[in-house]
Amino acid sequence: MSVLLVGLSHKTAPVEVREKFAIAEQDAGVMVGELVRRPGIAEAMVLSTCNRVEFLVRSETSPDPTGEVIRFLNESRQFPLDVGAPFLYRYADRDAVRHVFRVASSLDSMVVGEPQILGQVKAAYTLAKAAGALRGDLDQLLTGAFRVARRVRNETGIGQMAVSISYVAVELARKIFGDLNGLSILIIGAGKMSEAAARHLRSAGARNVYVTNRTYDRAVELAVRFDGSPVPFDRLLEYLTNVDIVISSTGSPKFILTKKTAEGLIAARKNRPIFLVDIAVPRDIDPEINTIDNMFVYDIDDLQQVADANIRERQREADRAEKIIEEEVGKMMNRLKTSQIAPTIISLHSELDRLRREEIDRFRSKLGTLTPEQEQAVEALTRSIINKIAHPPVTEMKKLASDPDGLHFVEFVKKAFNLEKK
Amino acid sequence: MYEWSTLLLRGALVLYSLGLWHSLVTVVKRRQEMFRAALVSISVGAILHLASIILYGISRQRFPVYTLHEMASLIGFLVTCTFLLVYWRFKYESLAVFVFPTVFLLTLVGNLEGSVNPVVQRTLGNWWLVIHVALILLGYAALTLTFVAGVMYIIQEKELKSKRPRAFYYRLPPLNKLDEMAYQTMAVGFVFVTLGIIAGSFWAFVRFGSEWIVDPTIALAFVTWAIYLAMVFSRVAIGWRGRKAAYFAIAGFCCAALTWIVNSGAHSFVR
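Chains as they are written, first to last, in my numbering: chain A, 1 to 422; chain B, 1001 to 1271.
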């Protein structure tokens, strides 16, 4: 087996190079079909996302199909190798398996743990499969990668923590309220971030969205955009008494909610917790309110701080994911190797048998006419010789099935007995 | 039969520690699939525990609540049952990490008995008293869960207020759920304890008149009860909750534990 991966990603190449290599979705299917028809290439897959372009191939005849892949890139004229060549990376066999597993599990992503990449790998797999470019070990390797990605997702918290500020707000709301179903939100002022946060909260189950602004007309306008109900600004306090989450981003130069007001508010709320998200600069909500029991105030820096902590936590989880990957790479290498050993044993036997029959035919004239007994004796003698020859390499291959380096021996047997050509 | 009960109790202890270990791995390493093993160990442990208590009761010919060991074992069992109920309702694995050290400790104390065979007192040979003790122990089991929820609430609240999430932030349940858990278990526990106290007082009045009210351990029991009454009342009336309420729940539990320790066996006036 020789699996090879050639490509470039955000880790090696700047966007100016990546964009030149990016493959349009409609071309990817054709391209993988062309690649798999190249001499020496048995299976292929092409993965192209905005952060990476990778060519994954398997060859049965050539121990290192790098040259063929590079020739393919050159000839398809789409890839400016003069610019891209220094940024290309190349992984073979075990390293290629590991790389595919890491990519599918989102460990090689720009934002570690982001969930899109698995879908992109699956789409590339479907395209290659449809083009008839996957039919053996590479197919097995990729379906294995999907399983590994699932395992990583289930057994580590790699994708669990929010890393963008608007999602952090949703995550915090969940940590305070548990279930967001039926909660109501008050949006004060407008802004891209409050819009995003409101949308996320709503899709997480929050029901009522109220929007207020100093000028009522603007509130009405914003309410349409947020799909909520407008509220006059002078009734702010009344709504603050009832809602669960507040997202504030006004242009007010001073606090619109002071600690004194908040203390009255919590009594009127009968101590029901409230989550105040202040994304305005200068701030709208007195940060001291955070010291009041059942009131939680987060400003823009606090949200960023949580996002940073989440990224660090994801990194910790990624370290655990790497261990899972290493374990799975070992298992996959074994599986691929055993799938190599059986055909090698079969072709070794049939090759030796072919030689035996060839030689018998060659010497038949010299032997003259043989009695059936003699015929049988020659048959038995030659068979016994080839079995004796085949015995040591076959036992050795079977023994090495569980050895990580066993594949080298299989390759060696193939070469020594000239089995590659078949 | 007594030997069997000891053996079963040891088995339960081993299973509880297995359950604790699996819950720890579930929560710390976030390996969700480990929790199934934890639940199985804990449930089987509880069954062995129950069998052990029944056999023990038969071998001693009494309701096993005379010594500290007997009571610890029984409360351990009840806390396990309460935990399983609360888990079934709320589904937060991290609860186990906080509950099971307590269960383990109680069951361990239950296991330590054996060498000293206490003089069998027959003072509890009265259904009123059995009901009194049983109700109060049930109440205590629920209040243990209140205590655990309170501790978890305080930790999680600190994480949220500090705005610097650390390990606990990622692993503990949301505040509101902890609050709900604390309130519901407290309400149930309070009802059981109240009924238990009524049963006990009724029996004591009939048997001893009213002199026992001045007994200091009884006074402590009433203080504990009053704390819980105040908490339940302020929750219903003004929705009192949050950090301070959680501290109160912990204080109430400490009082309850003290009451239990000074009262284990029987009240002094009974002897």
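Backbone N, C-alpha and C define an ideal beta-carbon position, used for all residues, glycine too.
Exercise. Just curious, the beta strand (DSSP E) that T212/A is in, first and last residue?
Worked result: The residue given as residue 212/A occupies position 212 in the first sequence. T212/A -> beta strand (DSSP E) spans 208-213.
Exercise. So with Cβ pairs under 9 Å, would you call G1011/B a contact of chain A?
Worked result: Counting from one through the second sequence, the residue named residue 1011/B turns up at place 11. Chain A, which has no Cβ nearer than 9 Å to the Cβ of G1011/B, makes this no.
Problem set entry | Buried or exposed by the 16-neighbour rule on C-beta atoms within 10 Å, applied to N213/A | Taking the first sequence and counting its residues from 1, one reaches residue 213/A at position 213. N213/A is buried by the Cβ-count criterion.
Problem set entry | Chain-ordered chain B contacts of I435/A [CB-CB under 8 Å] | Nothing can be reported for residue 435/A: it is not among the residues displayed for chain A, which extend from 1 to 422.
Exercise. Do you know offhand how far A1230/B's Cα is from L1007/B's?
Worked result: Looking up residue 1230/B in the second sequence gives position 230. Looking up residue 1007/B in the second sequence gives position 7. Between A1230/B and L1007/B, the C-alpha separation is close to 43 Å.
Exercise. Which runs of the alpha helix (DSSP H), 4 residues or longer, sit entirely within the segment 1137-1179 of chain B?
Worked result: 1167-1171
Exercise. Cβ of V1214/B versus every heavy atom of the ligand NAP: is any distance shorter than 8 Å?
Worked result: In terms of ligand content, the structure shown is empty, and the ligand NAP therefore cannot be addressed.
For this session: Please decide whether Q315/A counts as near chain B, where near means a Cβ-Cβ distance under 9 Å.
Result: Numbered from 1 along the first sequence, position 315 holds the residue referred to as residue 315/A. No, no contact with chain B.
For this session: For the beta strand (DSSP E) containing I431/A, list its first residue and its last residue.
Result: As displayed, chain A neither begins before 1 nor continues past 422, which places residue 431/A out of reach and without an answer.
Exercise. Any idea what DSSP makes of E54/A, helix, strand or coil?
Worked result: As a working mapping, residue 54/A is identified with position 54 in the first sequence. In the structure shown, E54/A sits in a strand (DSSP, three-state: E or B).
For this session: Run down chain A in chain order and give the residues with a C-beta less than 9 Å from the C-beta of Q1032/B.
Result: Counting from 1 along the second sequence, the entry for residue 1032/B is found at position 32. Within chain A, the residues near Q1032/B are N154, E155.
Exercise. Y1183/B to V209/A, Cα distance in whole Å?
Worked result: Position 183 of the second sequence, counted from the start, is the residue given in the question as residue 1183/B. Position 209 of the first sequence, counted from the start, is the residue given in the question as residue 209/A. Looking at the backbone, the Cα of Y1183/B and that of V209/A are separated by about 29 Å.
Problem set entry | V413/A - DSSP class collapsed to helix/strand/coil | Translated into positions along the first sequence, residue 413/A becomes position 413. Here V413/A sits in helix by DSSP.
Exercise. What in chain B is Cβ-close to N457/A, meaning under 7 Å?
Worked result: Past the edges of chain A, shown from 1 to 422, lies residue 457/A, and the structure says nothing about it.
Exercise. Which partner residues of P1292/B appear in the DSSP bridge assignment?
Worked result: With chain B running from 1001 to 1271 in the structure shown, residue 1292/B is simply not present.
Problem set entry | Neighbour flag for D278/A against chain B, beta carbons, 9 Å | In the first sequence, the residue the question calls residue 278/A occupies position 278. Using beta-carbon distances, D278/A does not count as an interface residue toward chain B, since no partner is under 9 Å.
For this session: Can you tell me the Cβ-Cβ gap for F1090/B and G1139/B, rounded? I've got them flagged as a contact below 8 Å.
Result: Taking the first residue of the second sequence as position 1, residue 1090/B is located at position 90. Taking the first residue of the second sequence as position 1, residue 1139/B is located at position 139. Contact doesn't hold; Cβ gap of about 20 Å is too wide.
Exercise. Looking at C-alpha atoms only, which residue of P392/A, F146/A, I311/A is the closest neighbour of G113/A?
Worked result: Against the first sequence, residue 113/A aligns to sequence position 113. Comparing alpha-carbon positions, the option among P392/A, F146/A, I311/A lying closest to G113/A turns out to be I311/A.
For this session: Count the other C-beta atoms from every protein chain shown that fall within 10 angstroms of the C-beta of K260/A, then say buried if there are 16 or more, exposed otherwise.
Result: As a working mapping, residue 260/A is identified with position 260 in the first sequence. Classification for K260/A: exposed.
Exercise. Who are the neighbours of I1238/B on chain A, taking C-beta pairs under 9 Å?
Worked result: Position 238 of the second sequence, counted from the start, is the residue given in the question as residue 1238/B. Within chain A, the residues near I1238/B are A267, K270, N271.
Exercise. Taking Cβ-Cβ distances shorter than 9 Å, what residues in chain A pair up with G1150/B?
Worked result: Taking the first residue of the second sequence as position 1, residue 1150/B is located at position 150. Correct list: empty, because the minimum Cβ distance to chain A is about 14 Å.
Problem set entry | Distance, E171/A Cα to S1115/B Cα | Translated into positions along the second sequence, residue 1115/B becomes position 115. Translated into positions along the first sequence, residue 171/A becomes position 171. Its pLDDT being 45, under 50, S1115/B is placed unreliably in this model, and the value from its coordinates should be taken loosely. Whole-angstrom Cα-Cα distance: 55 Å.
For this session: In the DSSP assignment, find the unbroken alpha helix (DSSP H) run with R1030/B in it and report its ends.
Result: Here residue 1030/B refers to the residue found at position 30 of the second sequence. Run containing R1030/B: none; DSSP gives neither H nor E here.
Exercise. Is M295/A helix, strand or coil when you go by DSSP?
Worked result: Residue mapping note: residue 295/A aligns to position 295 of the first sequence, counting from 1. In this structure, M295/A counts as strand in the three-state DSSP scheme.
Problem set entry | First through last residue of the alpha helix (DSSP H) which encompasses F1233/B | For this step, residue 1233/B is matched to residue 233 along the second sequence. Per DSSP, F1233/B belongs to the alpha helix (DSSP H) from 1216-1238.
Exercise. In the DSSP assignment, what residue or residues form a beta bridge with R90/A?
Worked result: The residue given as residue 90/A occupies position 90 in the first sequence. BP columns for R90/A point to V6/A.
Exercise. Which residues mark the beginning and the end of the beta strand (DSSP E) in which E43/A is found?
Worked result: By 1-based counting over the first sequence, the position of residue 43/A is 43. Element bounds for E43/A: 43-48.
Exercise. When the distance is taken between beta carbons, is E375/A closer than 9 Å to R98/A?
Worked result: As a first step, residue 98/A must be located in the first sequence, where it is residue number 98. As a first step, residue 375/A must be located in the first sequence, where it is residue number 375. No; because the gap between Cβ atoms is not below 9 Å, this pair is not in contact.
Exercise. Quick one: which chain A residues come within Cβ less than 9 Å of R1243/B?
Worked result: Here the question's residue 1243/B lines up with position 243 in the second sequence. What R1243/B touches in chain A: D293, N294.
For this session: Verify the CB distance criterion: does Y1170/B have a CB-CB separation below 9 Å to chain A?
Result: Residue mapping note: residue 1170/B aligns to position 170 of the second sequence, counting from 1. Taking a beta-carbon distance threshold of 9 Å, Y1170/B counts as an interface residue toward chain A.
Exercise. For V306/A, which residues in chain B fall below 9 Å Cβ to Cβ?
Worked result: Against the first sequence, residue 306/A aligns to sequence position 306. Neighbours of V306/A on chain B, chain order: K1163, R1164, P1165, Y1169.
For this session: Report buried or exposed for M1034/B, applying the criterion of at least 16 other Cβ atoms within 10 angstroms of its Cβ.
Result: Counting from 1 along the second sequence, the entry for residue 1034/B is found at position 34. Under this definition M1034/B is a buried residue.
Problem set entry | Rounded separation between G999/B and P1216/B - CA only | Shown here, chain B extends from 1001 to 1271; a query on residue 999/B therefore has no answer.
For this session: Whole angstroms is fine: what's the gap from G119/A's alpha carbon to M295/A's?
Result: Your numbering for residue 119/A matches position 119 in the first sequence. Your numbering for residue 295/A matches position 295 in the first sequence. G119/A and M295/A: Cα-Cα distance of roughly 40 Å.
Problem set entry | For G29/A and V83/A, the rounded distance between their alpha carbons | Within the first sequence, residue 83/A is the residue found at index 83, counting from 1. Within the first sequence, residue 29/A is the residue found at index 29, counting from 1. Those two C-alpha atoms are separated by around 24 Å.
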